[in-house]
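For this note's numbering, count along the sequence shown from 1 and bump the result up by 375. Each residue gets a CB set at the ideal place from its N, CA and C atoms; glycine is no exception. Computed from a predicted model, the values in this text were never measured in an experiment. Here is the structure we will look at, set down as structure tokens.
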Amino acid sequence: MNQHAIPRCMPPDFMPRKPDITFPAAAIDCHAHVCGPEKLYDCIAERIYTPCDALVTDYEHLLDVLGIARAVLVQPSFYGADNAAMLAAMRAARRPMRAVAVVKDDVGERALQDLHDAGVRGVRFNVVDVAHGKGELPMDRIRNIARRIAPFGWHIEFLMHVDECPELDRMLGDLPVDVVFGHLGYVRTDKGVGDPGFQALLRLLKGGRAWVKLTAPYRISTAPPPHADTTAFAHALLAAAPARLVWGTDWPHVKASWSIPMPKDADIADLLMTWVPDAALRRQVLVDNAASLYDFGA
């Protein structure tokens, strides 16, 4: 791709407001990215967009405003398998952080141990931005990575549209590691909760081998903010397996272009009160489930 043709992301709101929701002590944001500084970390040539700088200091300011104690960083696609920016952000952070990395297929045990020592607890597969036919997954690669990371107790996180894979539970149910799916399964809301791929996700959840992140309503919604059409999906996931759900901001909301205004983090936080109305269940999602999945301890 012509480097000059690669679009640049809009910056997030660097002056967020305080939400109405009060987060419980030890709450964890389970999905965020850090970007840059651009002068220090190069993006891969094959990226679909270029991020603006969204540094760990900016992110921790957001967490301070929201009232969130701990966080999980996820390696973004534009850095490929070079996790240096994310690892540097974790070292500089003022609060406990874990991470989900991207690794090469031939990653060795020593490299995995180094990542584990740094706080990494999972490997990400970006299926959305890779050319696969609908319903297809790179299963040989997935099984290879699963075998390599299983001794560390890690999981595999998928960025994928589960509606494209109605056999999801059959394909992934026998892996030796847990699997995690972002953005409520990444199904457009107009497909409905009866979509076969979403139903396969629910079966995986009920089987106790999968987790889902309650993140990025704006990525699946066909309605304007506050994206009320996402609530049915959140409630279906909650009914299936409340102990297998976690939540995240998806900050800094990287995307090549927005057909809606840049998402507001306080609005995203407040939607939790609709998605998970019961305060005790909300604490389970925000603290207990997240601490278990990412090995934070109590």
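Start and end residues, alpha helix (DSSP H) containing residue 520: For the purposes of this step, residue 520 is taken as residue 145 along the sequence shown, with counting starting at 1. Membership of residue 520 in the alpha helix (DSSP H) is indicated by the continuous run 514-524.
Boundaries (first-last residue) of the alpha helix (DSSP H) holding residue 711: Any property of residue 711 remains undetermined from this structure, which presents the chain solely from 376 to 673.
Cβ-based neighbour list, residue 394, same chain, cut-off 7 angstroms, excluding 5 preceding and 5 following: Translated into positions along the sequence shown, residue 394 becomes position 19. Within the same chain, 441, 641, 644 and 645 come within 7 angstroms of residue 394 by CB-CB distance, once the 5 residues on both sides are set aside.
Looking at C-alpha atoms only, which residue of 513, 469 and 408 is the closest neighbour of residue 368? Since the first residue shown for the chain is 376 and the last is 673, residue 368 is missing from the structure and cannot be characterised.
Tell me the DSSP bridge mates of residue 594? To locate residue 594, count along the sequence shown from 1; it is residue 219. Answer by DSSP bridge pairing: none, since residue 594 is not bridged.
Decide if residue 415 is buried, meaning its Cβ has at least 16 other Cβ atoms within 10 Å, or exposed. Locating residue 415 in the sequence shown gives position 40, where the first residue counts as 1. The residue is exposed, with fewer than 16 neighbouring Cβ atoms inside 10 Å.
With distances taken between CB atoms, is the gap from residue 418 to residue 588 smaller than 8 angstroms? Within the sequence shown, residue 418 is the residue found at index 43, counting from 1. Within the sequence shown, residue 588 is the residue found at index 213, counting from 1. With a cutoff of 8 angstroms on beta-carbon distance, residue 418 and residue 588 are scored as not near each other.
Check each candidate in 482, 399, 458 and 609 and name the one with the smallest Cα separation from residue 445. Residue mapping note: residue 445 aligns to position 70 of the sequence shown, counting from 1. Checking every option, the nearest Cα to that of residue 445 belongs to 399.
Extract the residue ranges of the alpha helix (DSSP H) inside the segment 455-480, only unbroken runs of 4 or more that lie entirely within it. Within the segment 455-480, the complete alpha helix (DSSP H) runs of at least 4 residues fall at 459-467.
Report the residue ranges of all alpha helix (DSSP H) runs contained in full by the segment 547-610; include only those spanning at least 4 residues, in chain order. Runs of the alpha helix (DSSP H) inside the segment 547-610: 571-581.
Would you say residue 552 and residue 608 are within 8 angstroms of each other, going by their C-beta atoms? Position 177 of the sequence shown, counting from 1, holds the residue named residue 552. Position 233 of the sequence shown, counting from 1, holds the residue named residue 608. For residue 552 and residue 608, no; Cβs fall outside 8 angstroms.
Which of helix, strand or coil does DSSP assign to residue 446? As a working note, residue 446 is residue 71 in the sequence shown. If DSSP states are grouped into helix, strand and coil, residue 446 belongs with the strands.
Does the count of Cβ pairs from the segment 610-626 and the segment 569-581 closer than 8 angstroms reach three? Using a C-beta cut-off of 8 angstroms, the segment 610-626 makes contact with the segment 569-581, since at least three inter-stretch Cβ pairs fall below that distance.
If residue 671 sits next to residue 403, beta carbons under 8 angstroms apart, how far is it from one beta carbon to the other, in whole angstroms? Working through the sequence shown from its first residue, we reach residue 671 at position 296. Working through the sequence shown from its first residue, we reach residue 403 at position 28. At roughly 7 angstroms, the Cβ-Cβ gap stays under 8 angstroms, so residue 671 and residue 403 are in contact.
If you drop the 5 nearest sequence neighbours on each side, which residues of the same chain put their C-beta closer than 6 angstroms to that of residue 638? If you number the sequence shown from 1, residue 638 lands on position 263. These residues qualify, in order along the chain: 593 and 628.
Between the beta-carbon of residue 584 and the beta-carbon of residue 621, is there less than 8 angstroms? Here residue 584 refers to the residue found at position 209 when the sequence shown is read from its first residue. Here residue 621 refers to the residue found at position 246 when the sequence shown is read from its first residue. No, Cβ-Cβ distance for residue 584 and residue 621 is not below 8 angstroms.
Residue 413 versus residue 449: straight-line alpha-carbon distance, rounded: Within the sequence shown, the letter at position 38 stands for residue 413. Within the sequence shown, the letter at position 74 stands for residue 449. Going from the Cα of residue 413 to the Cα of residue 449 covers about 18 angstroms.
Member of 410, 455 and 434 whose CA lies at the smallest distance from the CA of residue 391: Position 16 of the sequence shown holds residue 391. Closest option to residue 391, judged by alpha-carbon separation, among 410, 455 and 434: 434.
Contact check, residue 455 vs residue 475, beta carbons under 8 angstroms: The residue labelled residue 455 in the question sits at position 80 within the sequence shown. The residue labelled residue 475 in the question sits at position 100 within the sequence shown. Not closer than 8 angstroms, so no.
Using DSSP with H/G/I as helix, E/B as strand and the rest coil, what is residue 647? In the sequence shown, the residue the question calls residue 647 occupies position 272. Helix at residue 647.
With DSSP as the reference, please indicate the residues paired to residue 425 in a beta bridge. Within the sequence shown, the letter at position 50 stands for residue 425. In the DSSP output, where bridge partners are listed per residue, residue 425 has 383.
Please report how far the alpha carbon of residue 480 lies from the alpha carbon of residue 467, in whole angstroms. Locating residue 480 in the sequence shown gives position 105, counting from the first residue. Locating residue 467 in the sequence shown gives position 92, counting from the first residue. Going from the Cα of residue 480 to the Cα of residue 467 covers about 28 angstroms.
Between residue 387 and residue 429, is the Cβ-Cβ spacing less than 8 angstroms? The residue you call residue 387 lines up with position 12 of the sequence shown. The residue you call residue 429 lines up with position 54 of the sequence shown. Their beta carbons are under 8 angstroms apart, which means residue 387 touches residue 429 by this criterion.
Where does residue 392 fall in DSSP's three states? By one-based count along the sequence shown, residue 392 stands at place 17. Coil.
So, helix, strand or coil for residue 628, using DSSP? On the sequence shown, residue 628 is found 253 positions in, with the first residue counted as 1. When DSSP states are grouped into helix, strand and coil, residue 628 belongs to the coil group.
Cβ-Cβ separation, residue 599 to residue 635 (assumed contact under 8 angstroms), whole Å: The count along the sequence shown starts at 1 and reaches residue 635 at position 260. The count along the sequence shown starts at 1 and reaches residue 599 at position 224. Rounded, the Cβ-Cβ distance is 7 angstroms, consistent with contact.
Determine the burial state of residue 432: buried for a count of at least 16 other Cβ atoms within 10 Å of its Cβ, exposed for fewer. Taking the sequence shown and counting its residues from 1, the one referred to as residue 432 is at position 57. Per the 10 Å Cβ criterion, exposed.
Using the rule of at least 16 other Cβ atoms within 10 Å of the residue's Cβ for burial, across every protein chain shown, is residue 544 buried or exposed? As a position in the sequence shown, residue 544 is number 169, starting the count at 1. Flag for residue 544 reads buried.
Check the DSSP bridge columns for residue 532 and list the partner residues they point to. Numbered from 1 along the sequence shown, position 157 holds the residue referred to as residue 532. The secondary-structure analysis by DSSP pairs residue 532 across a beta bridge with 499 and 555.
Could you have a look at residue 544 and say whether DSSP puts it in helix, strand or coil? Position 169 of the sequence shown, counted from the first residue, corresponds to residue 544. Collapsing the DSSP output to three states places residue 544 in a helix.
Close Cβ partners of residue 507 (< 6 angstroms) along its chain, the five nearest in sequence each way excluded: Taking the first residue of the sequence shown as position 1, residue 507 is located at position 132. Since pLDDT at residue 507 reaches only 49, below the 50 mark, its modelled position is unreliable, and the value read off the structure follows with that caveat. Close CB contacts of residue 507 within its chain, under the 6 angstroms cut and outside five residues either way in sequence, are absent.
Which residue wins for smallest C-alpha separation from residue 658, given the options 389, 669, 618 and 625? Residue mapping note: residue 658 aligns to position 283 of the sequence shown, counting from 1. Out of 389, 669, 618 and 625, 618 has the C-alpha closest to the C-alpha of residue 658.
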